[in-house]
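These notes concern the structure reproduced below.
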Amino acid sequence: MSFLYDSDHIGSDDMDGVLEMSLLEHQNADANVRAAGSSDALPQFSCRDDLDLDARVSTLDAEIRSIDDQIEKLKECRRDLVVEKDDLIRRRQDSLQTVSSSVAAYGRDGKGKGSAIGTIDYTIEFKWGPQLKGTMKKVFGISAFRLCQQGVCNANMDGRDTVCVMPTGGGKSLTYQLPALLTPGCTLVISPLISLITDQILHLREAGVEAVMLTGGTSRAEANEIQQRLSAMASSRGRDREIKLCYVTPEKISKNKGFLSLLGKLVEGGKLARIVIDEAHCVSQLGHDFRPDYKKLSALRQFFPHVPLLALSATCPPKVLQDILKILHMKPVVEGKAASPRDGTIYFSAPLYRKNLHYSVLPKPHSAKEAISVMSDYILNNHENDSGIVYCLTKKDAESVAENLQGWSNNRIKTGVYHSEIPDAQKERIHKRWREGAVQVVCATIAFGLGIDKGNVRFVLHHTISKSLDGYYQESGRAGRDGRDADCVLYYRPQDATRQSSITCTDKDSQMKLHDMLRFAQDMSECRKILFARYVSASTRKLGLVLLHT
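The numbering of the sequence shown is the working numbering, which starts it at 1294 and goes up by one.
Encoded structure:
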């Protein structure tokens, strides 16, 4: 694959672009010299020629210095990576020795026994197993657990703090919804997006589950009614059905003291079963979706130290995991198959691999109109009547792509726009029309999609590269949740890397993530899924957890 470079868009940190430009200019200059040498007439030089030559030499000197600076920066970056790699290898060796030498000497009657004496294996059958499976089949219509669902459910039922890293579409919601139905009290679920909460509430109510939500879009009358029911639950005065799941946004925790007081009453009455933090990577500034209000959730452990926490994420590299544990005041992780009966946060992860997703990177034309034409043709030729998402870098891009896709296709592609500045009511309307099929393609920024549960998304296109491989995995993973084949296509051109780089240039960590994304986009030989697994290292775990999934 080859790409044409537009010199107007190449930034100072786009080394490949700079090198290629310099090479082309050198070749052109050399050709001019040879052409001049073949002429019978000797070249005539003037003072103006000398000045032009001096200016050109100065320009070349500046370019060479710029390249030298970039080389030094890359060398420095390489040294840092080598140091980090050596440190990780040392920690892994130390942690393996720690795990093998520190076997707990405690057992529990009726609990699964781990491979080490006195440890607990949460992946096997527990005394509540038949009830879990029966409720799962009756309420959700699911016959068998997938991936690490059973282990996470068991740890939840046992009242343990838990971290679960499971691929997008892997079934994270079941790991708390099922235990919520089998334990007394209410499970509080903190989720970042109203669209995600609305999705979950719709599915739960369809299944006959007593679930409520408290968000900025909840009417005052409905909010008052919900809070009165929760207050009655806390004092055991409630006559209505017990609220099993209450969904809130993080702002409800960070900015509403009255709601925190209500949670305190639930704790005192033994009616707050657990707190679930969905998309937990949002608490960390090292994650790809940091949200300031999420970081304020650190207060939960301070206010409610004995309420079990469950942190869920689809992408959680080691540094982000460490940050989650620190911010949420959770203890170091222990393996779910050989857990200490008393201490530690139970950790479960599942392989990233999803065989039904087909990844490809295609060249993106330099012209905006040509790019729209290529994407429109792709959708019409491969997914004419299928639901899909097109992710864009900016709000303006999302609006432009939506308008032009629909126009270019003569309205054969029905599009909708979704970004942070769209009013909540309009967001819900677009989301509903997309779920129903009235809108075929949602053109959106990353504001759309965290946890969006629409099974028949057959394609996810990226109009511009993501700012990190974590983000790209999350976004592309919204395709094919029903298990059927789906396409994940990234349209790439080097100029888009420059756009992203201009946004992240002040943050070294963000620059490193962007470089990982660029390596993924530019690798034309290795399977994309292998590149994903290598990058995340299947969430290589610190403190003794080294489970590599390929």
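Positions of the beta carbon are idealized from the N, C-alpha and C atoms, including for glycine.
Classification of residue i by the beta-carbon crowding that lies within 10 angstroms, buried from 16 upward
i: Arg-1777; result: exposed
i: Gln-1521; result: exposed
i: His-1574; result: buried
i: Arg-1584; result: buried
i: Arg-1327; result: Residue placement at Arg-1327 is poorly supported in this model, since its pLDDT is 49, which falls under 50; the coordinates still yield a value, given next. Arg-1327 is exposed by the Cβ-count criterion.
i: Ala-1334; result: Low confidence applies to Ala-1334: its pLDDT is 46, below 50, so where it sits in the model is not reliable, and the reading given next is rough at best. Looking at its Cβ environment, which holds fewer than 16 other Cβ atoms inside 10 Å, Ala-1334 is exposed.
i: Ala-1514; result: exposed
i: Gly-1637; result: buried
i: Thr-1708; result: buried
i: Gln-1719; result: exposed
i: Thr-1480; result: buried
i: Gly-1700; result: exposed
i: Arg-1358; result: exposed
i: Asp-1616; result: buried
i: Ala-1631; result: buried
Beta-carbon proximity of residue i to residue j, cut-off 8 Å
i: Ala-1740; j: Ser-1713; result: yes
i: Leu-1590; j: Lys-1612; result: no
i: Leu-1650; j: Ala-1779; result: yes
i: Ile-1758; j: Met-1810; result: yes
i: Leu-1807; j: Ser-1769; result: no
i: Ala-1607; j: Lys-1558; result: no
i: Arg-1786; j: Pro-1656; result: yes
i: Pro-1610; j: Leu-1618; result: no
i: Leu-1248; j: Ala-1814; result: In the structure as shown, the chain begins at 1294 and stops at 1843. Residue 1248 is therefore absent and cannot be evaluated.
i: Leu-1686; j: Ile-1665; result: no
i: Pro-1598; j: Thr-1542; result: no
i: Tyr-1469; j: Val-1375; result: no
i: Gly-1562; j: Ser-1512; result: no
i: Leu-1555; j: Leu-1523; result: yes
i: Ala-1691; j: Val-1667; result: no
i: Val-1600; j: Tyr-1587; result: no
i: Tyr-1540; j: Val-1502; result: no
i: Gly-1773; j: Val-1750; result: yes
i: Ile-1715; j: Gln-1733; result: no
Nearest residue (CA-CA) to residue i, options the options
i: Arg-1771; options: Gln-1424, Asp-1451, Tyr-1652, Met-1429; result: Tyr-1652
i: Asp-1847; options: Gln-1520, Met-1623, Val-1576, Ala-1348; result: Residue 1847 lies beyond the stretch modelled for the chain, which goes from 1294 to 1843, so this question has no answer here.
i: Gly-1463; options: Pro-1472, Arg-1812, Gln-1443; result: Gln-1443
i: Ile-1723; options: Arg-1705, Ile-1682, Ser-1702; result: Ile-1682
i: Val-1458; options: Asp-1345, Cys-1441, Met-1450; result: Cys-1441
i: Val-1627; options: Ser-1642, Ile-1620, Asp-1616; result: Ser-1642
i: Phe-1825; options: Tyr-1765, Gly-1773, Ala-1790, Tyr-1784; result: Tyr-1765
i: Lys-1426; options: Ile-1417, Thr-1416, Phe-1438, Tyr-1415; result: Phe-1438
i: Glu-1572; options: Lys-1662, Ile-1490, Asn-1674, Asp-1414; result: Ile-1490
i: Thr-1461; options: Leu-1507, Cys-1781, Gln-1767; result: Gln-1767
i: Lys-1689; options: Gln-1615, Ala-1473, His-1756, Ile-1546; result: His-1756
i: Asn-1449; options: Arg-1371, Ile-1706, Ala-1604; result: Ala-1604
i: Thr-1412; options: Pro-1658, Ser-1633, Val-1456; result: Ser-1633
i: Lys-1431; options: Tyr-1415, Gly-1478, Pro-1477, Glu-1499; result: Glu-1499
i: Cys-1446; options: Ser-1436, Glu-1356, Ala-1473; result: Ala-1473
i: Pro-1477; options: Leu-1538, Gln-1788, Arg-1726; result: Leu-1538
i: Ser-1680; options: Asp-1775, Arg-1534, Asn-1703; result: Asp-1775
i: Met-1429; options: Leu-1471, Lys-1465, Thr-1416, Trp-1421; result: Leu-1471
i: Ser-1823; options: Glu-1663, Asp-1670, Lys-1662, Tyr-1646; result: It is Ile, not Ser, that sits at residue 1823 in the sequence shown. Looking at the Cα atoms, Tyr-1646 is the closest of the given residues.
i: Leu-1614; options: Asp-1492, Lys-1630, Ile-1639, Ala-1661; result: Ile-1639
i: Ser-1466; options: Ile-1357, Gln-1493, Ala-1592, Leu-1475; result: Gln-1493
i: Ala-1661; options: Ile-1536, Glu-1369, Asp-1789, Leu-1495; result: Asp-1789
Helix, strand or coil at residue i [DSSP, three-state]
i: Ala-1514; result: helix
i: Ala-1632; result: strand
i: Asp-1789; result: helix
i: Ala-1643; result: coil
i: Leu-1754; result: strand
i: Ile-1417; result: coil
i: Ala-1779; result: strand
i: Phe-1825; result: helix
i: Thr-1455; result: strand
i: Thr-1461; result: coil
i: Thr-1412; result: coil
i: Pro-1656; result: strand
i: Leu-1650; result: strand
(message) What ranges does the alpha helix (DSSP H) occupy inside the stretch 1538 to 1615, keeping only unbroken runs of at least 4 residues that lie completely in it?
(response) Segments of the alpha helix (DSSP H) lying fully in the stretch 1538 to 1615: 1543 to 1547, 1550 to 1561, 1585 to 1588, 1592 to 1596.
(request) Note down, one range per segment and in chain order, each beta strand (DSSP E) of at least 3 residues found wholly within the stretch 1670 to 1749. (result) With a minimum length of 3 residues, the continuous beta strand (DSSP E) runs that stay inside the stretch 1670 to 1749 are 1680 to 1684, 1708 to 1711, 1734 to 1737.
(request) Run through the stretch 1466 to 1518 for me and flag every whole alpha helix (DSSP H) of 4 or more residues, listed as ranges in chain order. (result) Entirely contained in the stretch 1466 to 1518, the alpha helix (DSSP H) runs reaching 4 residues are, in chain order, 1467 to 1475, 1487 to 1499.
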